[in-house]
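Novice:
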Amino acid sequence: MTIEAMRAAVVAIRAGVFDDIEATDIVAEASRAVVVDGVDREVGVHRPWLDGTAGGSVALVLAAHGGAGASTVALAVAEALTDSGRVHLLDFGEPIWSGLAAAASIELGSEGAFWWRGRRGRLDLSRLARHRTDGGLPSPPELDGGARRLVVDAGWALTTALLQACSNQVILLGEQVVVVTRVTVPAVRQTERALTAVGNEAVVAAVGPARWPRAVEASCGPRLAELRALGRVVRVPIDRRLEVSGLTGDRLPAAVAAAGRSLAVLLAPATSRAEQRRRAASPQTEAAGETR
7 MTIEAMRAAV
17 VAIRAGVFDD
27 IEATDIVAEA
37 SRAVVVDGVD
47 REVGVHRPWL
57 DGTAGGSVAL
67 VLAAHGGAGA
77 STVALAVAEA
87 LTDSGRVHLL
97 DFGEPIWSGL
107 AAAASIELGS
117 EGAFWWRGRR
127 GRLDLSRLAR
137 HRTDGGLPSP
147 PELDGGARRL
157 VVDAGWALTT
167 ALLQACSNQV
177 ILLGEQVVVV
187 TRVTVPAVRQ
197 TERALTAVGN
207 EAVVAAVGPA
217 RWPRAVEASC
227 GPRLAELRAL
237 GRVVRVPIDR
247 RLEVSGLTGD
257 RLPAAVAAAG
267 RSLAVLLAPA
277 TSRAEQRRRA
287 ASPQTEAAGE
297 TR
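Its first residue numbered 7, the sequence shown is counted upward by one per residue in this note's numbering.
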């Protein structure tokens with residue numbers, strides 16, 4: 007059992023969520039537990055990606071505000087993580103608004119009743135096709151080949167539901183969180199609210215210039231400022247082609263891919279960080295990793 011799972015189990019035991027639950031379901035139930043102002047509770051939004059991790063960890067990509075660029079960041083992170091193992095990118099965005107609708111290089115058709123499946127190099131990509139009849143979100147499709155790391159593009163509707171449910175200094179357990187923001191005054195203010203919800207273990211992808219305008223720096227809240235000081239804010243450059251055409255089956259621009267590798271280093275387990283740093287140690291990646 008991982009440290010994260012043990013921590014989640016302790017929280018869930020205190021919350022009493024194991025009443026009438028079989029032993030085999032304890033870890034799954036524990037991973038949904040959160041801590042709110044010292045009181046143990048559960049997130050009121052179902053997080054179905056925790057149902058199908060198949061032994062792999064979960065990186066959850068959330069937009070701090072509309073139009074942040076979370077789908078691009080999720081794809082860049084997922085592709086970077088394929089250097090160290092098998093990765094499954096899950097798109098929980100509403101199908102008509104999906105930023106990943108054209109991102110697969112090979113379309114493999116429907117996967118069960120709720121998913122469209124595609125491939126992009128070594129990356130498995132599943133996009134939500136429809137909700138369950140009760141309006142809920144389906145569990146991720148099970149793919150052959152054993153454990154995969156999951157990267158979840160939550161989509162804006164689910165992100166807002168999560169952030170509303172996880173208010174008042176909630177700490178999400180079971181996922182590593184990437185919060186995506188633009189480098190503007192309104193954006194960093196909303197980012198501070200998102201960081202308050204998910205806790206200080208998050209990584210921030212800042213889409214915009216390497217040097218932040220003074221007005222933006224002055225608008226940073228304490229959590230975002232702390233993450234910048236800790237080197238947990240990674241710059242993602244704006245690419246004109248992506249702004250015009252969106253994500254397609256073509257390769258990501260080199261600078262955006264480099265930013266994904268920098269984020270992957272921060273998300274990697276300690277045992278694999280040295281190898282991730284070696285792959286990320288290029289001039290493009292170093293430029294992408296600047297936060298100021």
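Ideal Cβ placement from N, Cα and C applies to all residues, glycine included.
These numbers were taken from a predicted model, which means no experiment stands behind them.
Candidates Gly105, Ala74 and Glu100: which alpha carbon is nearest Arg138's?
Specialist: The residue you call residue 138 lines up with position 132 of the sequence shown. Ranking the options by Cα distance to Arg138, first place goes to Glu100.
Novice: Could you compute how far the alpha carbon of Asp232 sits from the alpha carbon of Pro192?
Specialist: By 1-based counting over the sequence shown, the position of residue 232 is 226. By 1-based counting over the sequence shown, the position of residue 192 is 186. The sequence shown places Glu at residue 232, rather than the Asp named in the question. Spanning the alpha carbons of Glu232 and Pro192 requires a straight line of approximately 19 Å.
Novice: I'd like the ranges of any beta strand (DSSP E) spanning at least 3 consecutive residues and lying wholly in the segment 103-140.
Specialist: With a minimum length of 3 residues, the continuous beta strand (DSSP E) runs that stay inside the segment 103-140 are 112-117, 121-126 and 129-134.
Novice: Hey, how far is the Cα of Ala110 from the Cα of Gly124?
Specialist: As a first step, residue 110 is located in the sequence shown; it is residue number 104 there, counting from the start. As a first step, residue 124 is located in the sequence shown; it is residue number 118 there, counting from the start. Answer to the nearest angstrom: the Cα atoms are 5 Å apart.
Novice: Grab me the residues of Leu87's own chain with a C-beta within less than 6 Å of its C-beta, minus the 5 sequence neighbours each way, in chain order.
Specialist: On the sequence shown, residue 87 is found 81 positions in, with the first residue counted as 1. Result list for Leu87: Val93, Arg155 and Ala270, in chain order.
Novice: How many whole angstroms separate the CB atoms of Leu169 and Ala200, which I take to be in contact at a CB cut-off of 8 Å?
Specialist: On the sequence shown, residue 169 is found 163 positions in, with the first residue counted as 1. On the sequence shown, residue 200 is found 194 positions in, with the first residue counted as 1. Their Cβ separation, rounded to whole angstroms, is 6 Å, which keeps Leu169 and Ala200 in contact under 8 Å.
Novice: For Leu1, does the three-state DSSP call read helix, strand or coil?
Specialist: Missing from the structure shown is residue 1; the chain here goes from 7 to 298 and no further.
Novice: Can you list, in chain order, the residues of its chain whose CB lies under 7 Å from that of Leu114, leaving out five sequence neighbours each side?
Specialist: Counted from its first residue, the sequence shown places residue 114 at position 108. Within the same chain, Leu114 has close Cβ partners Arg123, Gly124 and Arg125.
Novice: Express the C-alpha separation of Val185 and Val262 in angstroms, rounding to a whole number.
Specialist: Numbered from 1 along the sequence shown, position 256 holds the residue referred to as residue 262. Numbered from 1 along the sequence shown, position 179 holds the residue referred to as residue 185. The straight-line gap from Cα to Cα measures roughly 16 Å.
Novice: Leaving out five residues before and five after Leu106 in sequence, what residues of the same chain have Cβ atoms less than 8 Å from its Cβ?
Specialist: Translated into the one-based positions of the sequence shown, residue 106 becomes position 100. Same-chain partners within the cutoff: Ser77, Ala80, Leu81, Leu95, Asp97, Gly99, Leu131, Arg133, Asp159 and Leu253.
Novice: Check each candidate in Ser104, Arg128 and Asp89 and name the one with the smallest Cα separation from Ala121.
Specialist: Within the sequence shown, numbered from 1, the residue matching residue 121 stands at position 115. Looking at the sequence shown, residue 121 is not Ala but Trp. Closest by alpha carbon: Ser104.
Novice: Unbroken beta strand (DSSP E) runs of length 3 or more, entirely within the segment 221-256: which are they?
Specialist: 239-242
Novice: Going by Cα to Cα distance, which pick from Pro243, Leu258, Ala212 and Arg267 is closest to His71?
Specialist: Translated into the one-based positions of the sequence shown, residue 71 becomes position 65. The shortest Cα separation from His71 among Pro243, Leu258, Ala212 and Arg267 belongs to Ala212.
Novice: Determine the burial state of Gly75: buried for a count of at least 16 other Cβ atoms within 10 Å of its Cβ, exposed for fewer.
Specialist: Residue numbering aside, residue 75 sits at position 69 when the sequence shown is read from its first letter. With 16 or more Cβ atoms within 10 Å of its Cβ, Gly75 is classed as buried.
Novice: Quick one: measure Cβ to Cβ for Glu85 and Leu129, integer angstroms, because I've assumed they're closer than 8 Å.
Specialist: Position 79 of the sequence shown, counted from the start, is the residue given in the question as residue 85. Position 123 of the sequence shown, counted from the start, is the residue given in the question as residue 129. Contact between Glu85 and Leu129 holds: CB atoms are separated by about 6 Å, below the 8 Å threshold.
Novice: Within 10 angstroms of its Cβ, does Gly127 collect 16 or more other Cβ (buried), or is it exposed?
Specialist: Taking the first residue of the sequence shown as position 1, residue 127 is located at position 121. Gly127 should be labelled exposed.
Novice: Based on DSSP bridge pairs, tell me the residues matched to Thr187.
Specialist: The residue you call residue 187 lines up with position 181 of the sequence shown. According to DSSP, which records beta bridges pairwise, Thr187 is partnered with Ala212.
Novice: Taking the continuous beta strand (DSSP E) assigned at Ala65, which residues delimit it?
Specialist: Mapped onto the sequence shown, residue 65 falls at position 59. First-last of the beta strand (DSSP E) with Ala65: Val64 to Ala69.
Novice: Looking only at its chain, what residues have a beta carbon closer than 7 Å to the beta carbon of Gly73, apart from the 5 residues adjacent to it on each side?
Specialist: Translated into positions along the sequence shown, residue 73 becomes position 67. Answer for Gly73: no residue qualifies.
Novice: Can you list, in chain order, the residues of its chain whose CB lies under 7 Å from that of Ala29, leaving out five sequence neighbours each side?
Specialist: Locating residue 29 in the sequence shown gives position 23, where the first residue counts as 1. Any answer about Ala29 is weak, because its pLDDT of 47 lies below 50 and its placement is not dependable; what the coordinates show is given next. Same-chain partners within the cutoff: there are none.
Novice: Cutting at 7 Å between CB atoms, please list the residues of its own chain near Leu149, excluding the five before and the five after it.
Specialist: Here residue 149 refers to the residue found at position 143 of the sequence shown. His94 and Asp130.
Novice: Distance check for Pro147 and Asp118, CA to CA, integer angstroms please.
Specialist: Numbered from its first residue, the sequence shown carries residue 118 at position 112. Numbered from its first residue, the sequence shown carries residue 147 at position 141. It should be pointed out that residue 118 corresponds to Gly in this sequence rather than to Asp. Distance between the alpha carbons of Gly118 and Pro147: 8 Å.
Novice: If I follow the unbroken beta strand (DSSP E) through Val157, where does it start and stop?
Specialist: Within the sequence shown, the letter at position 151 stands for residue 157. It spans Arg155 to Asp159 - the beta strand (DSSP E) in which Val157 sits, taken as one unbroken run.
Novice: Could you compute how far the alpha carbon of Pro259 sits from the alpha carbon of Gln196?
Specialist: To locate residue 259, count along the sequence shown from 1; it is residue 253. To locate residue 196, count along the sequence shown from 1; it is residue 190. Going by the C-alpha atoms only, they are around 27 Å apart.
Novice: Are Val210 and Val240 close, meaning C-beta to C-beta below 9 Å?
Specialist: Here residue 210 refers to the residue found at position 204 when the sequence shown is read from its first residue. Here residue 240 refers to the residue found at position 234 when the sequence shown is read from its first residue. It is a contact, given that the beta carbons lie within the stated cut-off.
Novice: Quick one: what does DSSP say Leu269 is sitting in, helix, strand or coil?
Specialist: Taking the first residue of the sequence shown as 1, we reach residue 269 at position 263. Helix at Leu269.
Novice: Secondary structure at Asp97, three-state DSSP: helix, strand or coil?
Specialist: Indexing the sequence shown from 1 puts residue 97 at position 91. Asp97 falls in the strand class under three-state DSSP.
Novice: Taking the alpha-carbon of Asp140 as reference, which of His52, Asp256 and Ser225 has the nearest alpha-carbon?
Specialist: Here residue 140 corresponds to residue number 134 of the sequence shown, with the count starting at 1. The candidate whose alpha carbon is nearest that of Asp140 is His52.
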